[in-house]
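Novice: From first to last, the protein sequence lines are chains A and B.
Read in order, the letters of the first sequence are residues 1 to 166 in our numbering.
Read in order, the letters of the second sequence are residues 167 to 302 in our numbering.
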Amino acid sequence: MPSILPALTWLEELVWATSIRESTWGYPAIETTHVTSMVVFAGLVIMMDLRLVGWAFTHAPMAQIQKRLFPWQMAGFVPSASTGLLLWCIDPLRYHGNVFFLVKLTLLALAGFNAVAFHLKTSRMVGDWDRDPEATAKARQAGAFSLLLWSAIIIAGRLIAYNWKV
Amino acid sequence: MKTKMVLVLLAAGALYAVQPVGAHHPFAAVYDTDKPLTLTGVVVKVDWVNPHGWIYMDTKESDGTVKHWTIEMSGPSQLSRHGLKKADFTDGMVATVKGYQGREDPALANGRTLVLKDGRSFYIGSVGGPNDGADR
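1) Distance cutoff 9 angstroms, beta carbons only. Does Trp235(B) sit that close to anything in chain A?
2) Starting from the beta carbon of Ser243(B), find every residue of chain A whose beta carbon is closer than 9 angstroms, and list them in chain order.
3) How long is the line joining the alpha carbons of His234(B) and Gly26(A), rounded to whole angstroms?
4) From Pro192(B), Leu250(B), Val196(B), pick the residue whose C-alpha is nearest to that of Tyr289(B); which is it?
5) Are the CB atoms of Gly277(B) and Lys264(B) nearer to each other than 9 angstroms?
6) For Pro192(B), return the contacting residues in chain A, with the cut-off set at a CB-CB distance below 8 angstroms.
7) For Leu93(A), which residues from the same chain have a beta carbon less than 6 angstroms from its beta carbon, with the 5 sequence-adjacent residues on both sides left out?
8) How about Asn276(B): is its C-beta nearer than 9 angstroms to some C-beta of chain A?
9) By DSSP's criteria, Ala261(B) is part of a beta bridge. Which residues make up the other side?
10) For Trp214(B), count neighbouring Cβ atoms within 10 angstroms of its own Cβ and tell me buried if that reaches 16, exposed if not.
11) Helix, strand or coil for Phe288(B)? Go by DSSP, reduced to three states.
12) What residues in its chain sit with their C-beta under 6 angstroms from that of Val210(B), if we drop five residues either side in the sequence?
13) Strictly below 7 angstroms CB to CB, what residues from chain A border Ser246(B)?
14) What in chain A is Cβ-close to Asn297(B), meaning under 7 angstroms?
15) Taking only beta-carbon atoms, is Glu31(A) less than 9 angstroms away from chain B?
16) Are Ala273(B) and Thr236(B) close, meaning C-beta to C-beta below 9 angstroms?
17) For chain B, is any of its Cβ atoms less than 9 angstroms away from the one on Gly157(A)?
18) Just to confirm, are Gly84(A) and Lys165(A) a CB contact at a threshold of 9 angstroms?
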């Protein structure tokens, strides 16, 4: 299998990537935006998941909670994901050797798959979430997986600092 | 169904527990405060980067061999706040670093104080280490 290291080296050596990596304020600003927008995203995902598993807002229709929270979840996700991509771009070789980063990527893929599967299958039954037991069971599973995965993603992200090699 | 949820959340909680021992104390896990160092040598290269900068320094050992050190500093915003600039470094210059040696890698060190040839000294320490820098 051909190595991706030359591509990562090319990316790392780009002028804009180097300039952000060596910046006094740019990098801290990007990192701070990554964390604060993640807080908005994760907090709202947790609340929606708690409704999905039946632990919060149980008298509110699931469809309403999902519909109202989704735009705000995206308001958190978009800046968090783009700053995350940017952070990776400016030091791709170091992230490549970081076990917690690789774990985080894997978990992100799983969380994405869980979310897409939920939106495709279960959102079709959106009117029935609160009435149909099968829809409720699928929604519960998606909510539980989401809670587990996003917690693990955030933990893995924080631990990246502790596998940081020269 | 509730039991299943409790089990899932317990599993999530277990993820919090499965962390390397050094995770909450990264300095102590990587560097040894019982091994203070004073290194004077040639600065081969400096990585003035986020999140942590690095000084690559060659020192002459007592038996005449050259030792290649990798010294961790803090990032550009912290270093700037203590008065240091990227332009203060030139490849090939002589400098002195005081710090602590790595536990697993004896050629790794955590730098706390940098003294340049013109006598200026700067605190270059990262969060988590002992508060013994030049201007603290």
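All C-beta atoms, glycine included, are put in the ideal place defined by N, C-alpha and C.
Quick caveat: nothing in here was measured; it's all calculated off a predicted structure.
Specialist: In terms of the structure at hand:
1) Stepping through the second sequence from its first residue, residue 235(B) is reached at position 69. So no, Trp235(B) is outside the interface.
2) Locating residue 243(B) in the second sequence gives position 77, counting from the first residue. Going along chain A in sequence order, the residues near Ser243(B) (Cβ under 9 angstroms) are Ser23, Thr24, Trp25, Tyr27, Pro28.
3) Reading the second sequence from its first residue, position 68 is the one you call residue 234(B). Reading the first sequence from its first residue, position 26 is the one you call residue 26(A). Those two C-alpha atoms are separated by around 31 angstroms.
4) The residue given as residue 289(B) occupies position 123 in the second sequence. It is Leu250(B).
5) To locate residue 277(B), count along the second sequence from 1; it is residue 111. To locate residue 264(B), count along the second sequence from 1; it is residue 98. The answer is yes: Cβ separation under 9 angstroms.
6) Walking along the second sequence from the start, residue 192(B) turns up at place 26. By Cβ distance, chain A contributes Ala161, Tyr162.
7) The count along the first sequence starts at 1 and reaches residue 93(A) at position 93. Here the set comprises Leu8, Glu12.
8) Taking the second sequence and counting its residues from 1, one reaches residue 276(B) at position 110. No, its Cβ sits nowhere closer than 9 angstroms to a Cβ of chain A.
9) For the purposes of this step, residue 261(B) is identified with residue 95 of the second sequence, where counting begins at 1. Answer is Gly207(B), Leu282(B), bridged to Ala261(B).
10) Along the second sequence, read from residue 1 onward, the residue named residue 214(B) stands at position 48. Flag for Trp214(B) reads buried.
11) Here residue 288(B) refers to the residue found at position 122 when the second sequence is read from its first residue. Correct three-state label for Phe288(B): strand.
12) Locating residue 210(B) in the second sequence gives position 44, counting from the first residue. Answer for Val210(B): Tyr222, Asp224, listed in chain order.
13) If you number the second sequence from 1, residue 246(B) lands on position 80. The contacting residues are Thr24.
14) Taking the second sequence and counting its residues from 1, the one referred to as residue 297(B) is at position 131. The contacting residues do not exist; Asn297(B) stays about 20 angstroms from chain A at best.
15) The residue given as residue 31(A) occupies position 31 in the first sequence. For Glu31(A), at least one C-beta of chain B is nearer than 9 angstroms to its own C-beta.
16) Along the second sequence, one-based indexing puts residue 273(B) at 107. Along the second sequence, one-based indexing puts residue 236(B) at 70. Result yes, Cβ atoms of Ala273(B) and Thr236(B) sit closer than 9 angstroms.
17) The count along the first sequence starts at 1 and reaches residue 157(A) at position 157. Taking Cβ atoms only, chain B never reaches closer than 9 angstroms to Gly157(A), which makes this a no.
18) Taking the first residue of the first sequence as 1, we reach residue 84(A) at position 84. Taking the first residue of the first sequence as 1, we reach residue 165(A) at position 165. No.
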